[in-house]
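2 protein chains.
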Amino acid sequence: MTSLSYEAAGVDYGVIDPLKIAAQEAAKSTAGNLTRHGFRELEESRGESAYVVDTGSLLIASITECLGTKILITDEVYRATGKSHYAAIAQDTLAMAINDLVTVGATPVSAHAYWAAGGNEWFADARRANDLVQGWKAACDYCGVAWGGGETPNLSGVVVDGRIDLAASCVGIVASRERLTLGKNLAIGDAIVLLGSSGIHSNGVSLARTLAASLPGGYATPIEDGRTFGEALLDPTVLYSTVTEAIFKAGILPKYSANVTGHGWRKLMRHAGDFSYDIHSIPPVPAVLKFICSAGKLDVREAYSTLNMGAGFAIFTAPEDAPRVVAIAESLGVTALEAGRVEAGPKRLRIKPLDIEFAGSELTVRA
Amino acid sequence: MTSLSYEAAGVDYGVIDPLKIAAQEAAKSTAGNLTRHGFRELEESRGESAYVVDTGSLLIASITECLGTKILITDEVYRATGKSHYAAIAQDTLAMAINDLVTVGATPVSAHAYWAAGGNEWFADARRANDLVQGWKAACDYCGVAWGGGETPNLSGVVVDGRIDLAASCVGIVASRERLTLGKNLAIGDAIVLLGSSGIHSNGVSLARTLAASLPGGYATPIEDGRTFGEALLDPTVLYSTVTEAIFKAGILPKYSANVTGHGWRKLMRHAGDFSYDIHSIPPVPAVLKFICSAGKLDVREAYSTLNMGAGFAIFTAPEDAPRVVAIAESLGVTALEAGRVEAGPKRLRIKPLDIEFAGSELTVRA
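Residue numbers (the numbering used here), protein chains in the order written: chain A, 1 to 367; chain B, 1001 to 1367.
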């Protein structure tokens, strides 16, 4: 087969972006509404991964995020093998919201579930429904989040029959102003610590699905760790809030954070400033991502520009704090690596061990 | 044609409820997680329409709500007439979250958009996309809400091709503890003020769609106000937060509130206690709801148990405050009516002018 590219796999950022930009501009124009309540927004949170409102006494962060199409893999593996991964997909969904929320320095506090089914029969399968509930609860408990409620509508005609659209919203508190990581503290010389991923997480899923469709064995194709491609894809996303909380409790204030999701490692250039990010060490690549790269004939540049390649979250920190950040993460069961350094611009990402480079223009996350 | 019932129109609460109950129980069990942050939940907000966390210095309310299937009507009218009602549907979506949020006494502060499309082409139609954006912004501005951000995923394979799944999350602040309306203040003798609806709002939509499918003229069928059935169905939901804010600013503390959505007027029995609700006056019925009742051959009991029948929101207040609540609402362009009184139990709703009665057991909103 020929090489798979992200656009060929159905994600065309070019078509979505004009709306996204119009929405961002309209959203920005509503900021003044907060003055009616005596509040203000932290303007620098616009364009970051969560929105922060300053009530005077408290900084409230909020976010709504969707799982994406990973549920289609969960459904297909369930259908083909009878094995339910609905607890895992609940964790994936919450991780999309929580891992974004913590990038601004917030402690996740409460979450709502959005589970929109294509018909009542989704909920009639008690086993998967119960797994979804228990997985959601377990992820909340792990992150110290109160599950506040949610919606379980039957959206027959909007959601595809037999499918479910999963999303999460999350509210957090930034415990102190000094804990805010909205960008202003990042500096040349800061260390880049990469926290390990468990696999594909929830990004690059279209690519994985296209690949599965092209394989004679589909999701049942064995990969090098002895499992099937489908099973391995369904390892749930790592929840990073335990690490960000523990770092703060240890007295470390990160300079910036980035959740490595869409755009793969290009997300390491997420900060608005003109810094250059030099990577000197790379984490091991999970077997499932290695398989996607080889079976999908992705070149290394394409792989790192799309997939997390073993790095699910980046913490930018003072160089003297980096070893402790790594140690704290590892003590919580999250692999971590001091991987690089923030240098003077121009904006670019250089992954030196692989001899690849991305220009700042290859990541557009702001209007 | 024979009479339409809600279950025949595709909403079967019996199938969804076991999952809902399991989710509510699991969610409840996560309350203790807040103690990790020094916070606590207001337990009495569970089962109410929004979740409230007490941080000590602030009461934070949050909610996630979905539009439902009203978008299918918007799409069909757009396809058939070329007239875009996507600004209106944005208001409907936000109203689902905001009108629920304010029932607990919260001031809505920020909102996130969740717009999940069945393919990139949804966003490629610049006109409807722009209407959606501008309608969302206008509703935020009207309610004094900051639009914090959102998600615009392409969920091809999960959301039906050509469709969009719309939802909103909202964060609010309860300005003072005395403003909380979680139920403990409601008392015998309190007045029931009903705020007017603009039409179907976003509930009873399955019924309306089933009816349209059975009519020779479909959505183009004229109704008594001279418009088509489709146009009239798309009048956007009234946003009630301007009224709830103005009431508070006037020094009035309502005893309880109920957003009249699914289950129609049975929602007037939403309070957990054993009160009897006696209605002595009913508001005018919007033309579109009159048409549904007559063309769908709904009997009056079925109509009031399913549709809002002209009452979109209920404010329970001390009898001496009721006239001012009515006047404040009317001054803001929201029709209002002192419609009834809270009496001693058993739990039931009596709509005296229509000689109909609902038992408390006919509404189940709590696990």
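Every residue, glycine too, gets a C-beta built ideally from N, C-alpha and C.
These numbers come from a predicted model, not from an experiment.
- Taking a C-beta cut-off of 7 Å against chain A, the contacting residues of the region 1137 to 1163 of chain B are Lys1137, Cys1140, Asp1141, Gly1144, Val1145, Ala1146, Trp1147, Gly1148, Gly1149, Gly1150, Glu1151, Thr1152, Pro1153, Asn1154, Leu1155, Ser1156, Gly1157, Val1158, Val1159, Val1160, Arg1163, listed in chain order.
- If you ignore the 5 residues before and after Gly1204/B, its C-beta comes within less than 6 Å of the C-beta of Thr1306, Leu1307, all in its own chain and listed in chain order.
- Spanning the alpha carbons of Glu320/A and Ala1027/B requires a straight line of approximately 41 Å.
- Around Asp165/A, the beta-carbon contacts reaching into chain B at under 7 Å are Ala1116, Leu1155, Val1158, Val1159, Asp1165.
- In the structure shown, Gly119/A falls within a coil segment according to DSSP collapsed to helix, strand and coil.
- What Arg36/A touches in chain B, judged by beta-carbon distance under 7 Å, is Gly1144, going in chain order.
- When the alpha-carbon of Lys290/A is set against those of Asn120/A, Ala90/A, Phe229/A, the nearest one is in Phe229/A.
- Pairing Leu1195/B with Ala1095/B gives a Cβ-Cβ distance that is not under 7 Å.
- Between the beta-carbon of Asn99/A and that of Leu239/A there is about 7 Å, and that keeps the pair under the 8 Å contact cut.
- The three-state reading of DSSP puts Ile1356/B in strand, counting E and B together.
- At a beta-carbon threshold of 7 Å, the residues of chain B lying near Tyr51/A are Ser1110, Gly1148, Gly1149, ordered along the chain.
- Within the region 45 to 75 of chain A, the residues whose Cβ lies closer than 7 Å to any Cβ of chain B are, in chain order, Tyr51, Val53, Thr55, Ser57, Leu58, Ile60, Ser62, Ile63, Thr64, Glu65, Cys66, Gly68, Thr69, Ile71, Leu72.
- Chain A places a beta carbon closer than 7 Å to that of Phe1123/B, counting this residue as a contact.
- Nearest CB-CB separation between Ala1026/B and chain A: below the 7 Å threshold.
- With fewer than 16 neighbouring CB atoms inside 10 Å of its own CB, Arg127/A falls in the exposed class.
- The shortest CA-to-CA distance from Leu349/A to any of Thr317/A, Gly333/A, Tyr304/A, Met309/A is the one to Tyr304/A.
- In the structure shown, Leu94/A adopts helical secondary structure according to DSSP, grouped into three states.
- Asn1185/B sits in coil when the DSSP states are folded into three classes, being neither helix nor strand.
- With its beta carbon less than 7 Å from one in chain B, Val171/A belongs to the interface.
- In this structure, the beta-carbon distance from Ala272/A to Gly162/A does not fall below 7 Å.
- With a beta-carbon spacing of about 5 Å, Val260/A and Gly312/A fall inside the 8 Å limit used to define contacts.
- Not a single CB atom of chain A sits nearer than 7 Å to the CB of Lys1083/B.
- Cβ contact annotation for Pro1353/B (same chain, cutoff 8 Å, sequence separation greater than five): Ile1279, His1280, Ser1281, Ile1282, in chain order.
- Residue Tyr1051/B holds the alpha-carbon nearest to the alpha-carbon of Leu1059/B among Ala1023/B, Thr1317/B, Tyr1051/B.
- Per DSSP, the beta bridge partners of Gly196/A are Ala311/A.
- Bounds of any alpha helix (DSSP H) do not take in Val52/A; it lies within the beta strand (DSSP E) bounded by 51 to 54.
- Under the three-state reduction of DSSP, Gly264/A is assigned to helix.
- In this structure, DSSP gives Arg1177/B a helical state, which the three-state scheme calls helix.
- Contacts with chain B at 7 Å (Cβ-Cβ) include Lys20/A.
- In the DSSP assignment, Glu65/A falls within the unbroken beta strand (DSSP E) covering 59 to 66.
- Neighbours of Val133/A across chain B, judged by C-beta separation under 8 Å: Leu1019, Ala1022, Ala1023, Ala1026.
- Taking a Cβ-Cβ threshold of 8 Å, none of the residues of chain A is close to Phe1248/B; the smallest such distance is about 12 Å.
- Per the coordinates, the alpha-carbon of Ala23/A lies some 28 Å from the alpha-carbon of Ala90/A.
- For Thr1107/B, the nearest CB of chain A lies under 7 Å from its own CB, placing it at the interface with that chain.
- In this structure, the beta-carbon distance from Trp1122/B to Ile1164/B falls below 7 Å.
- At a Cβ-Cβ threshold of 7 Å, Gly1056/B and Ser62/A do not count as neighbours.
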